[in-house]
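To start, the structure itself, in structure tokens.
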Amino acid sequence: MDYQTNVSVEKELKSKKKKDKKVYDQKPTSAFIGAAWTSLFVGMVAFCIGLWNADMLLNEKGYYFTILLFGLFSVISVQKAVRDKLEDVPVTDIYYGISWFAAVASIVLLVVGLWNADLLLSEKGFYGMSFLLSLFSAIAVQKNTRDVQYINRNDKNED
Numbered sequence: 004m005d006y007q008t009n010v011s012v013e014k015e016l017k018s019k020k021k022k023d024k025k026v027y028d029q030k031p032t033s034a035f036i037g038a039a040w041t042s043l044f045v046g047m048v049a050f051c052i053g054l055w056n057a058d059m060l061l062n063e064k065g066y067y068f069t070i071l072l073f074g075l076f077s078v079i080s081v082q083k084a085v086r087d088k089l090e091d092v093p094v095t096d097i098y099y100g101i102s103w104f105a106a107v108a109s110i111v112l113l114v115v116g117l118w119n120a121d122l123l124l125s126e127k128g129f130y131g132m133s134f135l136l137s138l139f140s141a142i143a144v145q146k147n148t149r150d151v152q153y154i155n156r157n158d159k160n161e162d
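Residues 4 to 162 (this note's numbering) are what the sequence shown spells out, left to right.
Take a look at the structure:
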């Protein structure tokens, strides 16, 4: 009888832990959402205007533009994988690893490209900073989107 009692108590505690799961209920402010979208737009547009006005071959411009798109996609993928794990959504280790690899690879590819480019140091800094601003902003926009979606979903479940 003691064994059965212990097993039932353990099951009850596990079910309470699942029910007591902390629910995140603070939506990001509209100011933060706006700032994230604005910084994403500013970073991407600045990078693209810099490319448009740059004195480089078209294939070089294409390389840097592709790196920007690759970087944006990869950091969104990393943020999604991290958030999915946090919300107990199954994420394979291979997808998680590839997401991180792609994000780091995009940054490394930009650094290598800029290191070998025939550009002024100020231009290299401009591309690097606008690229990093875009990546950070993409993460913030994705996080805000997931936060709002998560809270709206939980609000509907409570009704």
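Glycine included, each C-beta is placed from N, C-alpha and C at the ideal position. Everything numeric in this text was worked out from a predicted model, so none of it was measured.
Query                                                                                                                                                : Result
Pull up the distance between the alpha-carbon of glycine 53 and that of leucine 113, whole angstroms please.                                         : 14 Å
Where serine 109 and leucine 61 are concerned, what is the direct C-alpha to C-alpha distance, given to the nearest angstrom?                        : 20 Å
Tell me the DSSP secondary structure of threonine 41 in three-state form.                                                                            : helix
Where do the ends of the alpha helix (DSSP H) carrying glutamate 63 lie?                                                                             : 61-89
Closer than 8 Å is the cut-off here; do at least three beta carbon pairs connect the stretch 149-159 with the stretch 120-135?                       : no
For phenylalanine 104, tell me which candidate among Ser77, Asp121 and Leu89 has the shortest Cα-Cα distance.                                        : Ser77
What residue range is occupied by the uninterrupted alpha helix (DSSP H) comprising leucine 113?                                                     : 96-119
Using 8 Å as the threshold, is the C-beta distance between alanine 39 and alanine 143 below it?                                                      : yes
If alanine 84 and tyrosine 67 are in contact, beta carbons under 8 Å, what's the gap, nearest whole angstrom?                                        : With 8 Å as the limit, alanine 84 and tyrosine 67 do not qualify as a contact, their Cβ atoms being about 26 Å apart.
By the 10 Å Cβ neighbour count, where 16 or more other Cβ atoms means buried, how is methionine 47 classified, buried or exposed?                    : buried
Would you tell me roughly how many angstroms separate the C-alpha atoms of serine 33 and alanine 49, rounded to the nearest one?                     : 24 Å
Is glycine 74 buried or exposed, if buried means 16 or more other CB atoms sit within 10 Å of its CB?                                                : buried
Measure the beta-carbon distance from valine 81 to lysine 88 and round it to whole angstroms, keeping in mind my assumption that it falls under 8 Å. : At roughly 11 Å, the Cβ-Cβ gap does not stay under 8 Å, so valine 81 and lysine 88 are not in contact.
Should leucine 43 be labelled buried (16 or more other beta-carbon atoms within 10 Å of its own) or exposed?                                         : buried
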